[in-house]
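What follows is a short report on a single structure.
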């Protein structure tokens, strides 16, 4: 199908792609032990398990003679002109090969224009992952690679969330914060509890097989992790669909903010499962509630603290422009890690760090640094996304990790779709009483349909302790099916749905000077009218915040020289350039004369 | 006392039907009107200028002027009134109502035009139906130089650039001997096409009387 005119190039490159993991895996096998000791040497351990692209499960296969040969070649006698230094370069080599693979895959997909407009990239990546997983499985009888939760939570997820948080349109975000928070907290809780209870009920009814050994606690745990809307999937799918900004920010904001809820529920139910359902009392439930407040507010606070540190630091980086981007990356990443360290919500921390710092950092750093930050973040995020989807595909092929139960899978799918729709409708009804611009039925359809589950749910389910949660394998299989369904099926069908429903799309072009002037005018007009009408409304408080920001925050966090200018000035500069060029192109200087006479 | 009460209620009901505000919202606005006017039947510019919160607002004068602008009453008259009554007050407030779920596309279009009209009238201070460069410049300067970190010179330059932009979008192929007269309403509509007026230019009118909770802070 996409092996059309470019077929000549495609076939060999495809073969090459398929060969890479196989050969990589083959050489992998021989030095797994040294890899293991290497990782242990790095001292990497902790809750999420040792990170790495290689599954630690493949420890058994040492091919001793080869290892001995390797060692021998180092200490052996005689000078060798060329040596095979695999053990020395293997880890970075394998990582680079995987990254290269992921990037090549992206090139291949975009060779066919028609294909890419219909099928979202995430679908194709998962399919590629399935194919690759199949290949490795055939070659080695077992799966060597899978999506390690450690790798995911420490490296892949922060890249994507960092990029999202830093470039989040903060005005839009705060305008809709009420809606976002409502969906994130109440929506996720509703989904989690309803799914859990219904699954348990269905189990009691016997629709789910007896083999699935799970009690109410286990189902509550499963419900918690399967019910959260996933930021990675939402970005991947929505960025190809271009719905209007309000809709996007609500779904996307929800996917970010529900992290706090997911983290708390997951931890609470994990502890409940460990302790045993008999010992759960009201004290535990109260602790859970307090934990939620601590996790969410604490995470936000950590993020804001780092935002202040970052802004303040960039105020003084005039002489060291070249490392300005480094500050941005490091501090945003540290915000994530610090929150993770204190078991607070890392996603919230990183998001608010990005949102808070963006305004001041973008003003303080040089234009070149701005470009560097933007493109590096986007590149890393894109690669991380690609890797996540490929590995999702590969992990699905590992039969040893999951067990199938049709009842559980079918019921879960039905329930999550059903409760998502019900939740959205219910909450929107409440929300429309308070919102200035109501969310209509079409918006609600898109929001329900856009509630995608993704890699976060998968990583969380893999993290479950198989000893404590006996039905883990069944849960893993169900999660895989759910994630595949939402990303692939819903991802494929959301574009035609949006077109069919005639959802207002976003225009994505830079505002003109006049639009920018009037945006500003709105703020003042609306504040004035509110003041005349005697209302202390939204604009009144926004205005107060702007005053506070101008008086204290900007003085503290912005470089002195920047403090004077504004974005409107930049827009004006651009127009000036553009117009100057077009004027020169026009019929001589006459037009300029005319304008200057009038002006 | 009773007779005048029912008469006021009738007036309110009539207003509510005409403008689309709820009865409760009209009552609250009336209360505020009485507060501003010092219990009189009309308010003048001085009454509005007394509002403290407006002091820092860069387009204070234009907004106050807008309330007294006869064009915003949609009566077909032009010019500026010295005083306005409650009906006119509510009529101006009407421009800031948010769209409701029940509105059709035509209604939304009509609402959008009304809001654009309001803005246009605000810029067009000499009532001649076009916004000349001087008028536009004045607004932009007031808006930018008072509100932020831009000096008068820069604001002037930005106003000029904005004007050029309007010209280039609306009359892209101007002959060398022509000059751009001023922005007409159609051009104004065109230039602000990308702005979502219906969802942006709204304020939330209270349904519940919370004025007693403010303890005079809303002066």
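Chains as they are written, first to last, in the numbering used here: chain A, 114 to 712; chain B, 1366 to 1584. Ideal Cβ placement from N, Cα and C applies to all residues, glycine included.
Query	Result
Cβ shell of residue 564/A (< 6 Å), same chain only, five flanking positions each side left out	342, 533
Per-residue contacts from residue 1400/B into chain A (C-beta, under 9 Å)	647
Start and end residues, alpha helix (DSSP H) containing residue 384/A	358 to 388
Chain A contact residues for residue 1564/B, given Cβ-Cβ distances below 9 Å	359, 549, 550
Collapsed DSSP secondary structure at residue 625/A in the structure displayed	coil
Alpha helix (DSSP H) segment containing residue 1414/B, residue limits	1410 to 1414
Residues near residue 417/A in its chain [Cβ-Cβ closer than 6 Å; skip 5 each side]	465, 469
Same chain only: Cβ atoms within 8 Å of residue 1486/B, ignoring 5 sequence neighbours per side	1431, 1434, 1436, 1437
Beta-carbon separation (whole angstroms), residue 302/A vs residue 374/A, contact threshold 8 Å	6 Å
Residues that residue 1434/B bridges to, as DSSP identifies them	1445/B
Distance between beta carbons of residue 490/A and residue 258/A, contact taken as under 8 Å	With 8 Å as the limit, residue 258/A and residue 490/A do not qualify as a contact, their Cβ atoms being about 26 Å apart.
Residues of its chain near residue 1549/B, where Cβ-Cβ distance is below 6 Å and the 5 sequence neighbours each way are ignored	1495
Candidates 340/A, 589/A, 448/A, 352/A, of which the one nearest residue 102/A by Cα	A question about residue 102/A goes unanswered here, because the residues of chain A that appear run from 114 up to 712.
Under 7 Å (Cβ pairs) to chain A, residues found in the stretch 1467 to 1482 of chain B	none
Residue 661/A classed as buried or exposed, judged by whether at least 16 other C-beta atoms fall within 10 angstroms	exposed
CB contact check: residue 1397/B to chain A, cutoff 7 Å	yes
Under the three-state DSSP convention, the category residue 1569/B falls into	coil
Contacts that residue 1306/B makes with chain A (C-beta to C-beta distance below 8 Å)	One cannot answer for residue 1306/B here, as it falls past the ends of chain B, which runs 1366 to 1584.
Contact with chain A by residue 1527/B, beta-carbon distance below 7 Å	yes
Through-space distance from residue 1562/B to residue 617/A, alpha-carbon basis	15 Å
Straight-line Cα distance separating residue 506/A from residue 136/A	Here the model assigns residue 136/A a pLDDT of 48, short of 50, so the residue's position is not dependable, and the following value carries that caveat. About 19 Å.
Stretch-stretch touch, CB-based, cutoff 8 Å, three pairs: the stretch 629 to 638 of chain A with the stretch 370 to 389 of chain A	no
Beta-ladder partner(s) of residue 230/A, from DSSP	Per DSSP, none; premise fails for residue 230/A.
Proximal residues, the stretch 603 to 635 of chain A versus chain B, C-beta separation under 7 Å	620, 624, 625, 626, 627, 628, 630, 631, 633, 634, 635
Check whether residue 334/A and residue 386/A have beta carbons under 7 Å apart	yes
Cα-Cα separation, residue 299/A to residue 308/A	14 Å
Coarse secondary structure for residue 508/A, derived from DSSP in three states	helix
Assumed close pair residue 340/A, residue 304/A - CB separation to whole angstroms, cut-off 8 Å	4 Å
Any chain A beta carbon closer than 7 Å to residue 1530/B	yes
Residue 513/A burial status per 10 Å Cβ neighbour count (16 or more: buried)	exposed
Element boundaries [alpha helix (DSSP H), containing residue 304/A]	301 to 318
Same chain only: Cβ atoms within 8 Å of residue 434/A, ignoring 5 sequence neighbours per side	478, 479, 481, 482
Beta-carbon contacts of residue 1456/B that lie in its chain and below 8 Å, excluding the five residues immediately before and after	1384, 1437, 1438, 1439
Cutoff 6 Å; reference residue 566/A; Cβ partners in own chain excluding five residues on either side	343, 595, 596, 599
Beta-carbon contacts of residue 574/A that lie in its chain and below 7 Å, excluding the five residues immediately before and after	338, 588, 589, 592
Whether residue 628/A touches residue 1560/B by CB criterion (7 Å)	yes
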